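Per our numbering, the sequence shown starts with residue 98, numbered consecutively.
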Amino acid sequence: MTQSKLTTIFEQVFGISGRENELRLFYAPGRVNLIGEHTDYNGGHVLPCALSMGTYALTAPRTDGACRIFSLNAPEVEPITFLLADPWNGAETNWSRYPRAVLSILGERGLLPERGLDVLYYGNLPAGAGLSSSASIEVLTGYAFGAAGGPKIDLVELAKMCRAAENDLVGVKCGIMDQFVSSLGRRERAILLNCETLEHRYCKLALPQTTLVITNSNKPHSLAASSYNQRWRECETALAILRRKFEVSALCRISGYDFSLSADLIEDEVIRRRAKHVITENQRTLEASVLLELGDLKGFGQLMNASHVSMRDDFEISCREMDVLTRLAWSVDGVYGSRMTGGGFGGCTVSLVRDDALETFKRTVEQGYLSEIGYPPTFYVTETSDGVGRVQSLDLTSASDERNDD
Ligand code: GLA
98 MTQSKLTTIF EQVFGISGRE NELRLFYAPG RVNLIGEHTD YNGGHVLPCA LSMGTYALTA
158 PRTDGACRIF SLNAPEVEPI TFLLADPWNG AETNWSRYPR AVLSILGERG LLPERGLDVL
218 YYGNLPAGAG LSSSASIEVL TGYAFGAAGG PKIDLVELAK MCRAAENDLV GVKCGIMDQF
278 VSSLGRRERA ILLNCETLEH RYCKLALPQT TLVITNSNKP HSLAASSYNQ RWRECETALA
338 ILRRKFEVSA LCRISGYDFS LSADLIEDEV IRRRAKHVIT ENQRTLEASV LLELGDLKGF
398 GQLMNASHVS MRDDFEISCR EMDVLTRLAW SVDGVYGSRM TGGGFGGCTV SLVRDDALET
458 FKRTVEQGYL SEIGYPPTFY VTETSDGVGR VQSLDLTSAS DERNDD
């Protein structure tokens, strides 16, 4: 996709020309989480980074308070139209529920411009791969509409509102990780985020002679599927039981040591394992952030592997495809670590691979996966990116304005 092609499509879809001077282009990244899975809605830590794959929006203002949105990644052939004053009314089960939910929350808080907007969305994240395409659409929408004449939105507030939109309107009990990193990510940095206080620190991704590889199992996952919300409920149950002994606001406020002494309080063995994953994963994440800053990739990789085992055996959000991908990756000399990333039940793995082992890694994983699963995986050697902002072109390496500065 090129920018001039996007502009041509904009004119075709919205049937207007002569508004070239008013067109603005925005970008919000997808994310990959290095470690810290299902800790965010349990008041714990996560360590994600923003990707140079994400969603773009080309926008032009309207004068009548209506909105027309169109996605190049969706099957609809006509733009979806609604009134900015009432965006959620009639929201279908299609992709438009993400932007419309965000606009609804922004509207409730008086943060929307009065004029409407025409928006053309284009994403280059693989769909259903667990790299947060929906969070990138949410954050992008909030930012683009805020930039179209509404009051300037603080990026932390933006992340919170997008999470609220997903929790309250879309109906997924997700934590804040995805929306936060899409809003506040930084190039060549991972964010260590405390999801309870939202305190965060940027950790330099110093990976000498090492590549971060995302491997797509090509088994789509669906977050809205009941399994994610079921894990959320199981964690609530574990917290309620442990609160009889600990005065804590969230599961991750309990240390691994305290949990090991009190795990028996939870009689149900499944609920006990859920709590164990969340609490130990939080500790692994904190430790991993230190090792990353020390440049100890070997130690970091071991924690990634332990994280996968915990997701597989205790939290039970892995699946055969993810387990095959990680097992094959672990067998390659020069792979520091590999784990499933994101909500689970499909999607992608993330692996830290020494450059001189990259080709062997790809060959081993591709051949092994093909013979065991029956179709090939896809590899992405992607770069990290800044969070949401206005960009000058689809080439993210070119100069950009309004994006995060160091
Ligand atoms: C999804 C959710 C996040 C987080 C991860 C698991 O990506 O949107 O909030 O819970 O799953 O770590």
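For every residue, glycine included, the Cβ atom is placed at its ideal position computed from N, Cα and C.
Please read all numbers here as calculations on a predicted model, not as lab measurements.
Inter-residue Cα distance where the pair is residue i and residue j
i: Leu120; j: Thr156; result: 5 Å
i: Asp480; j: Leu358; result: Note that residue 480 is Glu in the sequence shown here, rather than Asp. Cα to Cα, the separation comes out at about 42 Å.
i: Ile376; j: Thr105; result: 51 Å
i: Asp183; j: Asp137; result: 31 Å
i: Glu117; j: Pro176; result: 19 Å
i: Arg328; j: Phe458; result: 32 Å
i: Ala321; j: Ile273; result: Residue confidence is low: Ala321 scores 45 on pLDDT, short of 50, so the model does not pin down where it sits. Its coordinate-derived value is still stated next. Rounded to the nearest angstrom, the two C-alpha atoms are 15 Å apart.
i: Ala55; j: Pro145; result: With the chain represented from 98 up to 503, any question about residue 55 goes unanswered, as that position is not in the structure.
i: Leu493; j: Glu296; result: 27 Å
i: Leu209; j: Thr238; result: 11 Å
i: Ile166; j: Gly471; result: 38 Å
i: Thr160; j: Val110; result: 18 Å
i: Ala245; j: Lys270; result: 29 Å
i: Glu499; j: Leu222; result: In this prediction, Glu499 has a pLDDT of 49, which is less than 50 and means its spatial position is unreliable; nothing more can be read from the coordinates.
i: Ser386; j: Ala188; result: 40 Å
i: Leu336; j: Glu293; result: 15 Å
i: Gly441; j: Lys316; result: 11 Å
i: Asp410; j: Ser352; result: 20 Å
i: Trp427; j: Thr475; result: 17 Å
i: Ala403; j: Leu252; result: 33 Å
i: Trp185; j: Met98; result: 31 Å
i: Asn326; j: Tyr195; result: 18 Å
i: Thr312; j: Met150; result: 14 Å
i: Cys416; j: Gly268; result: 24 Å
i: Ser482; j: Cys349; result: 29 Å
i: Asn379; j: Asn291; result: 10 Å
i: Leu103; j: Gly112; result: 14 Å
i: Val278; j: Gly243; result: 18 Å
i: Tyr299; j: Ile288; result: 5 Å
i: Phe179; j: Val199; result: 14 Å
i: Thr190; j: Glu205; result: 21 Å
Cβ-heavy atom distance, residue i to the ligand GLA, below 7 Å
i: Met419; result: no
i: Asn130; result: yes
i: Asp411; result: no
Expected contact under 8 Å - CB spacing of residue i and residue j to nearest Å
i: Thr446; j: Met419; result: 6 Å
i: Ala154; j: Ala241; result: 5 Å
i: Ala170; j: Tyr219; result: Looking at the sequence provided, one finds Asn at residue 170 rather than Ala. At roughly 7 Å, the Cβ-Cβ gap stays under 8 Å, so Asn170 and Tyr219 are in contact.
i: Arg128; j: Thr307; result: Actually they are not in contact, since the Cβ atoms of Arg128 and Thr307 sit about 19 Å apart, beyond 8 Å.
i: Leu148; j: Leu228; result: 7 Å
i: Ser233; j: Pro126; result: 6 Å
i: Arg370; j: His405; result: The Cβ separation is near 15 Å, so there is no contact.
i: Ser449; j: Met401; result: The question names Ser, but residue 449 is Leu in the sequence shown. The pair is a contact, with the Cβ atoms about 7 Å apart (cut-off 8 Å).
i: Glu469; j: Val421; result: 5 Å
Boundaries (first-last residue) of the beta strand (DSSP E) holding residue i
i: Met150; result: 145-158
i: Asn44; result: Only positions 98 to 503 of the chain appear in this structure, which leaves residue 44 out of reach.
i: Cys445; result: 445-451
i: Lys301; result: 297-301
i: Ala163; result: 163-168
i: Val310; result: 307-313
Enclosing alpha helix (DSSP H) for residue i [first to last residue]
i: Ser324; result: 323-339
i: Arg194; result: 194-205
i: His135; result: Where His135 is concerned, there is no enclosing alpha helix (DSSP H), given that its DSSP letter is neither H nor E.
i: Ser101; result: 100-111
i: Arg381; result: 366-391
When you get a sec, list the residues whose CB is within less than 5 Å of any heavy atom of the ligand GLA, chain order please. Chain-ordered list of matching residues: Glu134, His135, Asp137, Cys271, Gly272, Met274, Asp275, Gly439, Gly440.
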